[in-house]
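Below: one structure, written as structure tokens.
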Amino acid sequence: MAGLEHDPGGVVALARDLIRCPSVTPDDGCGINALAAVLEGIGFSVTLLPFGEGAARTPNLYARLGTGHPHLCFAGHTDVVPVGDAPWAHDPFGGDIHDGILFGRGACDMKGGIAAFVAAVRLYLQKTPAPRGSISLLITGDEEGPATNGTVRVLEWMQANKQIPDFCLVGEPTNPGEMGEVIKIGRRGSLNACITVHGTQGHVAYPHRADNPVHRLLALLGELTAAPLDAGSAWFEPSSLQVTSLDVGNTATNVIPARAQGRLNIRFNDLHTGADLSGWLRTVVARHAPGAEVAIAISGESFLTQPDAPVEALRQAVRAVTGHVPRLDTGGGTSDARFISRYCPVAEFGLVGASMHKVDEHVALADLTQLTAIYCGFLEKVMG
1 MAGLEHDPGG
11 VVALARDLIR
21 CPSVTPDDGC
31 GINALAAVLE
41 GIGFSVTLLP
51 FGEGAARTPN
61 LYARLGTGHP
71 HLCFAGHTDV
81 VPVGDAPWAH
91 DPFGGDIHDG
101 ILFGRGACDM
111 KGGIAAFVAA
121 VRLYLQKTPA
131 PRGSISLLIT
141 GDEEGPATNG
151 TVRVLEWMQA
161 NKQIPDFCLV
171 GEPTNPGEMG
181 EVIKIGRRGS
191 LNACITVHGT
201 QGHVAYPHRA
211 DNPVHRLLAL
221 LGELTAAPLD
231 AGSAWFEPSS
241 LQVTSLDVGN
251 TATNVIPARA
261 QGRLNIRFND
271 LHTGADLSGW
281 LRTVVARHAP
291 GAEVAIAISG
301 ESFLTQPDAP
311 VEALRQAVRA
321 VTGHVPRLDT
331 GGGTSDARFI
341 SRYCPVAEFG
351 LVGASMHKVD
361 EHVALADLTQ
371 LTAIYCGFLE
381 KVMG
């Protein structure tokens, strides 16, 4: 078949097979089970770990080959975002190959990355049939969704069963334009807040008979945004507070509303913690609007993996295959690495992410081949 004439480790075939599993969060679409069968065929001991209740249970997988150290884990997710309403030129779950490009939802985020994990292990085992350490995979079906019954729960299981690795590599698409540009060694934390200020409804012509909550909400948001949170740190860009919504639900022009609500997000670096920022928010709100409701959700703390031996081994593997020395970066959004960082050092490197979550998501077959070679080279450097 076109595109499979040269398929080292079977990376293209597996990526295509996984794309053909319509695993749109929260429906697994056979992705986890298909991967489990492949891993068992290689020799992995596979444990299926569904978490949650009833039909909404999240499929997860943990697989390990070997029992010794060093223990290297590859982590990723089979679930994908919805296709969307815009028309696709290629079947989003067809795995079409055209002019050296594999199309489909999840091609780069991140079924292609998972396929490269597996293909790299195959190639590595051909060269080293009896590795001295062990290799594992942590794969979830709940990364694009709420992420409550996925990697978080698997890590708890891994800790309880003494399966925590020495180092973890997440296969998220880290490269903006071409292979070899970026390795992520940290991520900013993320905090969402909803502030509800209550007042007294009234006629705008008689403001003394009312209490306008909008004015107090604007004042407190003004203080929160008046100055930068910081100027950045050694590995992180400055933290950012962004107001994302203002809502009073008012359809009239002559009514002072009874409540006003604002929402904001803070992406914060390693100069802050979620708890410290929460305390600051509540103090500012109380100063302007005593009695206001403040609901805060912290989806992850900032983390940084020191660029020591495993990260340097990854950089060398990337350079050997692509010719590029990747920069070490901590920008972008959040990923499941924020959970893994609580247990062991973690870095992220994967495919080019330019088309992720877009119509006609795709990956170059050459990039899949390169990523497989990088992961294989990384295994050789870390495992020996």
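Per UniProt numbering, the very first residue in the sequence shown carries number 1; after that it's consecutive. Even glycine gets a Cβ: it sits at the ideal position worked out from N, Cα and C. In this text the structure is predicted, and so the values were computed from the model without any measurement.
Does DSSP put residue i in a helix, a strand or coil?
{"i": "Ser302", "result": "coil"}
{"i": "Lys184", "result": "strand"}
{"i": "Val359", "result": "coil"}
{"i": "Thr25", "result": "coil"}
{"i": "Gln370", "result": "helix"}
{"i": "Gln201", "result": "coil"}
{"i": "Gln163", "result": "coil"}
{"i": "Glu380", "result": "helix"}
{"i": "Phe339", "result": "helix"}
{"i": "Leu72", "result": "strand"}
{"i": "Thr322", "result": "helix"}
{"i": "Ser240", "result": "strand"}
{"i": "Glu293", "result": "strand"}
{"i": "His215", "result": "helix"}
{"i": "Leu220", "result": "helix"}
{"i": "Ala37", "result": "helix"}
{"i": "Cys108", "result": "helix"}
{"i": "Leu365", "result": "helix"}
{"i": "Arg132", "result": "coil"}
If I'm right that residue i touches residue j with Cβ under 8 Å, what's the distance once you round it to whole angstroms?
{"i": "Asp142", "j": "Gly133", "result": "Contact flag wrong, Cβ pair sits at about 28 Å."}
{"i": "Gly222", "j": "Phe303", "result": "Between Phe303 and Gly222 the Cβ distance is about 31 Å, and since that is not below 8 Å, they are no contact."}
{"i": "Ser23", "j": "Val81", "result": "The Cβ separation is near 11 Å, so there is no contact."}
{"i": "Gly113", "j": "Gly350", "result": "4 Å"}
{"i": "Ile139", "j": "Asn60", "result": "7 Å"}
{"i": "Pro310", "j": "Pro345", "result": "7 Å"}
{"i": "Arg122", "j": "Ile19", "result": "With 8 Å as the limit, Arg122 and Ile19 do not qualify as a contact, their Cβ atoms being about 19 Å apart."}
{"i": "Gly199", "j": "Ala258", "result": "6 Å"}
{"i": "Ser245", "j": "Arg267", "result": "No, Ser245 and Arg267 are not in contact; Cβ-Cβ is about 16 Å, not under 8 Å."}
{"i": "Leu72", "j": "Pro165", "result": "6 Å"}
Determine the burial state of residue i: buried for a count of at least 16 other Cβ atoms within 10 Å of its Cβ, exposed for fewer.
{"i": "Glu361", "result": "buried"}
{"i": "Leu48", "result": "exposed"}
{"i": "Pro146", "result": "exposed"}
{"i": "Ala317", "result": "buried"}
{"i": "Arg325", "result": "A small fix is needed here, since residue 325 is Val in this sequence, not Arg. Per the 10 Å Cβ criterion, exposed."}
{"i": "Gln261", "result": "buried"}
{"i": "Tyr124", "result": "buried"}
{"i": "residue 396", "result": "Residue 396 falls outside the range modelled here, since the chain spans only 1 to 384, and no answer is possible."}
{"i": "Asp367", "result": "buried"}
In the DSSP assignment, find the beta strand (DSSP E) that holds residue i and state where it starts and stops.
{"i": "Arg209", "result": "That residue, Arg209, is in no beta strand (DSSP E); it is neither H nor E in DSSP."}
{"i": "Val197", "result": "Gly189 to His198"}
{"i": "Leu271", "result": "Looking at the DSSP string, Leu271 is not in any beta strand (DSSP E), and its letter there is neither H nor E."}
{"i": "Asn175", "result": "Here Asn175 belongs to no beta strand (DSSP E), and DSSP marks it neither H nor E."}
{"i": "Glu143", "result": "First-last for Glu143: undefined, no H or E at that position."}
{"i": "Glu348", "result": "Val346 to Glu348"}
{"i": "Val46", "result": "Ser45 to Leu48"}
{"i": "Asp96", "result": "Careful: Asp96 lies outside any beta strand (DSSP E) and carries neither H nor E."}
{"i": "residue 385", "result": "Outside the shown range of the chain (1 to 384) lies residue 385, about which nothing can therefore be said."}
{"i": "Leu102", "result": "Ile101 to Phe103"}
Could you give the first and the last residue of the continuous alpha helix (DSSP H) run that contains residue i?
{"i": "residue 385", "result": "Residue 385 is absent from the model: the chain starts at 1 and stops at 384."}
{"i": "Ser278", "result": "Gly274 to His288"}
{"i": "Asn60", "result": "First-last for Asn60: Asn60 to Leu65, but that is the beta strand (DSSP E), not the alpha helix (DSSP H)."}
{"i": "Asp17", "result": "Val11 to Ile19"}
{"i": "Glu53", "result": "Segment: none, Glu53 is in no alpha helix (DSSP H) and carries neither H nor E."}
Can you name, in chain order, every residue of its own chain whose Cβ lies under 8 Å from the Cβ of residue i, other than the five neighbours on each side?
{"i": "Gln159", "result": "Tyr343"}
{"i": "Met1", "result": "Summary for Met1: the model assigns pLDDT 49, below 50, so the residue's position carries little reliability; its value from the coordinates is reported in the next sentence. Result list for Met1: Ile97, in chain order."}
{"i": "Ala231", "result": "Pro238"}
{"i": "Ala313", "result": "Phe378, Lys381 and Val382"}
Excluding the 5 residues flanking residue i on each side, which residues of the same chain have their C-beta closer than 7 Å to its C-beta?
{"i": "Val321", "result": "Gln370, Ala373, Ile374 and Gly377"}
{"i": "Ile356", "result": "It is Met, not Ile, that sits at residue 356 in the sequence shown. Hits under 7 Å: Cys108, Asp109 and Pro173."}
{"i": "Ala297", "result": "Asn192"}
{"i": "Gly66", "result": "Pro131, Gly133, Ser134 and Ile135"}
{"i": "Val214", "result": "Val248, Pro257 and Ala260"}
Quick one: residues in its chain with C-beta nearer than 6 Å to the C-beta of residue i, no 5 flanking neighbours on either side, listed in chain order?
{"i": "Cys30", "result": "Cys21"}
{"i": "Val359", "result": "Ala86 and Trp88"}
{"i": "Asp17", "result": "none"}
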